[in-house]
Amino acid sequence: MPTPQAGIFALGTRTHHHLEFDVNGSVRPALIGAAVAALNEQIVGSGGSNVVVGFGPDLWRGLSDSVPADLGSFAEITGCDGHIAPSTQHDLWIWIHGTGVDDVLDLATAATSILEGVATLAAESRCFVYHDSRDLTGFIDGTENPPPTAAVSVACIADGAPGAGGSHVIAQRWVHDLAAFDELNVADQELVIGRRKVDSAALPKEILPTDAHVSRAELLDEDGHERPIYRRSLPFGDVTERGLFFVGFSAERDRFNGMLAQMYGTASDGLRDRLLDFSTPVTGSYYFAPCVEDLLDAAADQR
Numbered sequence: 001m002p003t004p005q006a007g008i009f010a011l012g013t014r015t016h017h018h019l020e021f022d023v024n025g026s027v028r029p030a031l032i033g034a035a036v037a038a039l040n041e042q043i044v045g046s047g048g049s050n051v052v053v054g055f056g057p058d059l060w061r062g063l064s065d066s067v068p069a070d071l072g073s074f075a076e077i078t079g080c081d082g083h084i085a086p087s088t089q090h091d092l093w094i095w096i097h098g099t100g101v102d103d104v105l106d107l108a109t110a111a112t113s114i115l116e117g118v119a120t121l122a123a124e125s126r127c128f129v130y131h132d133s134r135d136l137t138g139f140i141d142g143t144e145n146p147p148p149t150a151a152v153s154v155a156c157i158a159d160g161a162p163g164a165g166g167s168h169v170i171a172q173r174w175v176h177d178l179a180a181f182d183e184l185n186v187a188d189q190e191l192v193i194g195r196r197k198v199d200s201a202a203l204p205k206e207i208l209p210t211d212a213h214v215s216r217a218e219l220l221d222e223d224g225h226e227r228p229i230y231r232r233s234l235p236f237g238d239v240t241e242r243g244l245f246f247v248g249f250s251a252e253r254d255r256f257n258g259m260l261a262q263m264y265g266t267a268s269d270g271l272r273d274r275l276l277d278f279s280t281p282v283t284g285s286y287y288f289a290p291c292v293e294d295l296l297d298a299a300a301d302q303r
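Once you know that position 108 of the sequence shown is 108 in our numbering, the rest is easy, because the numbers rise by one and skip nothing.
In structure tokens, the structure reads:
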């Protein structure tokens, strides 16, 4: 199988930086290729930090023939009760994560400098591990993530298919209304999430609400088997705005679409996620994180 980008699966880092760019309309493909090549060199020399690069659908189609059949942009979702998942589709996403704030910031600054004149920074999120991997709601996040032995098959396109070794990516910035959430007692918070707050144990089925986040975010196939995604979400924030930068990887883009349909009440059962009463996405993009070989080829072909 082609080599997935290692940073997708690298664990143990506490400082994360997400950069999203829009490519300048008049830029020639050769300049984009040169910038990608320079980014590759930056990745190789990044030492203890990790760099993952993802491309918007239109940009990747212009750089490579290794294009997944289901590659597509994020489309706005209008759900039940006025809840909306906006589309803010950008062209390029760079995720840098490491153990030190200084090294991660240096890499983010270097990547932005490399892209100067080629792409404009459109969005930036600085994220961190909060206590024992908790969301700012106080609940542990990513409890049901696939184990390392299964993560690659969940996140990456299978060998032999177009885009093999690459991964579809969803990136959304969710802003929490923590004041409203904190007005609930712990038992009611647990009914919203679907897990115990202290240890993240799943609520018993007999008391698990059908609109709990756990119930709505789990996607099943026709035979009742889970269609998982690999999550790498982390909190962001300061004293004025706090939330979760949601990042997911999947071998199939449709898993994201199905999960969001269940959360927003546009699936066949018409139910929506109660968590939407306390958290709102303000951005939404799909990217493609190609395998290392395709990333190198895209840079070389445009030179």
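Ideal Cβ positions, reconstructed from N, Cα and C, are used throughout, including at glycine.
Note that the coordinates shown come from a computational prediction; the quantities given were computed from them, not determined experimentally.
Alpha carbon to alpha carbon, what distance is there between residue j and residue i?
{"i": "Glu-304", "j": "Asn-257", "result": "Residue 304 lies beyond the stretch modelled for the chain, which goes from 1 to 303, so this question has no answer here."}
{"i": "Pro-148", "j": "Glu-183", "result": "37 Å"}
{"i": "Asp-188", "j": "Pro-86", "result": "28 Å"}
{"i": "Val-36", "j": "Ala-122", "result": "18 Å"}
{"i": "Glu-41", "j": "Arg-14", "result": "23 Å"}
{"i": "Arg-216", "j": "Leu-271", "result": "8 Å"}
{"i": "Ser-250", "j": "Gly-117", "result": "32 Å"}
{"i": "Val-101", "j": "Glu-206", "result": "44 Å"}
{"i": "Glu-144", "j": "Ile-229", "result": "10 Å"}
{"i": "Asp-294", "j": "Asp-106", "result": "26 Å"}
{"i": "Glu-190", "j": "Lys-197", "result": "6 Å"}
{"i": "Val-104", "j": "Asp-269", "result": "43 Å"}
{"i": "Cys-156", "j": "Arg-231", "result": "13 Å"}
{"i": "Ser-153", "j": "Arg-227", "result": "11 Å"}
{"i": "Phe-55", "j": "Ala-111", "result": "15 Å"}
{"i": "Ala-150", "j": "Ala-179", "result": "37 Å"}
{"i": "Asp-159", "j": "Asp-297", "result": "17 Å"}
{"i": "Gly-224", "j": "Phe-246", "result": "25 Å"}
{"i": "Arg-255", "j": "Val-169", "result": "11 Å"}
{"i": "Val-129", "j": "Ile-8", "result": "16 Å"}
{"i": "Ala-75", "j": "Thr-137", "result": "27 Å"}
{"i": "Gly-248", "j": "His-83", "result": "21 Å"}
Below 8 Å between beta carbons: does that hold for residue i and residue j?
{"i": "Val-175", "j": "Leu-275", "result": "no"}
{"i": "Gly-12", "j": "Ser-49", "result": "no"}
{"i": "Thr-283", "j": "Gln-172", "result": "yes"}
{"i": "Pro-146", "j": "Val-67", "result": "no"}
{"i": "Thr-266", "j": "Gly-72", "result": "no"}
{"i": "Val-53", "j": "Leu-39", "result": "yes"}
{"i": "Gln-5", "j": "Val-292", "result": "yes"}
{"i": "Val-51", "j": "Ala-119", "result": "no"}
{"i": "Leu-244", "j": "Asp-135", "result": "yes"}
{"i": "Arg-253", "j": "Asp-58", "result": "no"}
{"i": "Asp-211", "j": "Asp-132", "result": "no"}
{"i": "Ala-164", "j": "Pro-2", "result": "yes"}
{"i": "Ala-34", "j": "Gly-166", "result": "no"}
{"i": "Leu-203", "j": "Glu-124", "result": "no"}
{"i": "Phe-236", "j": "Arg-126", "result": "yes"}
{"i": "Tyr-264", "j": "Ile-77", "result": "yes"}
Could you check which residue in the options has the C-alpha nearest to that of residue i?
{"i": "Leu-234", "options": "Ala-69, Glu-76, Trp-95 and Gly-72", "result": "Trp-95"}
{"i": "Tyr-286", "options": "Leu-92, Ser-66, Ile-8 and Gly-7", "result": "Leu-92"}
{"i": "Asp-141", "options": "Val-186, His-90 and Asp-199", "result": "Asp-199"}
{"i": "His-90", "options": "Thr-137, Gly-138 and Gly-25", "result": "Gly-25"}
{"i": "Ala-108", "options": "His-17, Ile-77 and Ser-73", "result": "His-17"}
{"i": "Asp-221", "options": "Asp-211, Arg-195 and Gln-262", "result": "Gln-262"}
{"i": "Gly-194", "options": "Ala-179, Asp-177, Ala-180 and Val-214", "result": "Val-214"}
{"i": "Leu-219", "options": "Phe-288, Met-259, Ala-299 and Phe-181", "result": "Met-259"}
{"i": "Asp-177", "options": "Phe-21, Phe-278, Thr-137 and Tyr-264", "result": "Phe-278"}
Could you tell me the boundaries of the alpha helix (DSSP H) in which residue i lies?
{"i": "Phe-74", "result": "Element bounds for Phe-74: n/a, residue is neither H nor E."}
{"i": "Tyr-264", "result": "254-264"}
{"i": "Gly-62", "result": "57-63"}
What residue does the beta strand (DSSP E) around residue i start on, and which one ends it?
{"i": "Pro-235", "result": "234-237"}
{"i": "Thr-280", "result": "279-281"}
{"i": "Glu-20", "result": "15-23"}
{"i": "Gly-243", "result": "242-250"}
{"i": "Ser-285", "result": "285-289"}
Which runs of the alpha helix (DSSP H), 4 residues or longer, sit entirely within the region 79-126?
-> 101-114
What runs of the beta strand (DSSP E), each 3 residues or longer, lie entirely inside the region 154-224?
-> Whole beta strand (DSSP E) segments, 3+ residues: 167-176.
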